[in-house]
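Working notes, structure below.
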Amino acid sequence: MPINERRTINTRKIGNHYEDLALKYLCERGFVFIDRNFYSQYGEIDLIMQKEETLHFIEIKGTSSIKSPNPLLKITTAKLEKMTKTIHIFLEKRKYYYNFCIDALAIQDNNITFIENITI
Numbered sequence: 000m001p002i003n004e005r006r007t008i009n010t011r012k013i014g015n016h017y018e019d020l021a022l023k024y025l026c027e028r029g030f031v032f033i034d035r036n037f038y039s040q041y042g043e044i045d046l047i048m049q050k051e052e053t054l055h056f057i058e059i060k061g062t063s064s065i066k067s068p069n070p071l072l073k074i075t076t077a078k079l080e081k082m083t084k085t086i087h088i089f090l091e092k093r094k095y096y097y098n099f100c101i102d103a104l105a106i107q108d109n110n111i112t113f114i115e116n117i118t119i
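Throughout the sequence shown, residue numbering follows numbering that gives the first Met the number 0, covering 0 to 119 in sequence.
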C-alpha cells in the first residue's frame, strides 16, 4: 500500500475518532443526531445535529497534543464559505426548513471546546 494511501486511511481513522467523541459530547447535551460526513462538491460537514428548532452544522477539529496550536485556528474563512454552500445543498436535498447555524468543536488532549454559531 502506498504511503499516501496509508496516511489517508490513518487520517480518516483519527477523524472518525474525534467525530465519535464529539457526537457523544453533543448527545449528552441534548442534541439529536441527524447526519454525519455529508459531502457535496464544495466539501464536507462533519456532524449535523438538531437542538430544538435549529439544525447545527458542526466542524470538528482535533489534536492529541496540548502543545499543538488550538485546533479551532484551522477553521478558515474559506472553510466556512465552503460549509455554507454545502449546507444549502443539504437543506435543499433534505427539504429542511429549520433555522441553522455553524458550530465548531475542538478536541485537544481530550478537552472539548464547543462554540455555537460561528460566523465568517
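For every residue, glycine included, the Cβ atom is placed at its ideal position computed from N, Cα and C.
Non-local C-beta neighbours of N36 in its own chain, meaning closer than 7 Å and more than five positions away in sequence, comprise E43, D45, ordered along the chain. Taking C-beta atoms as the reference points, C100 and H55 count as a pair closer than 8 Å. Counting C-beta atoms within 10 angstroms of its own C-beta, I86 has 16 or more neighbours from the protein chains shown and is therefore classed as buried. Nearest C-alpha to I57 among L72, L79, E51: L79.
When rounded, the separation of the alpha-carbon atoms in R11 and E52 is 31 Å. Taking the Cα of A21 as reference, the smallest distance to any Cα among A103, T118, I117 is reached at A103.
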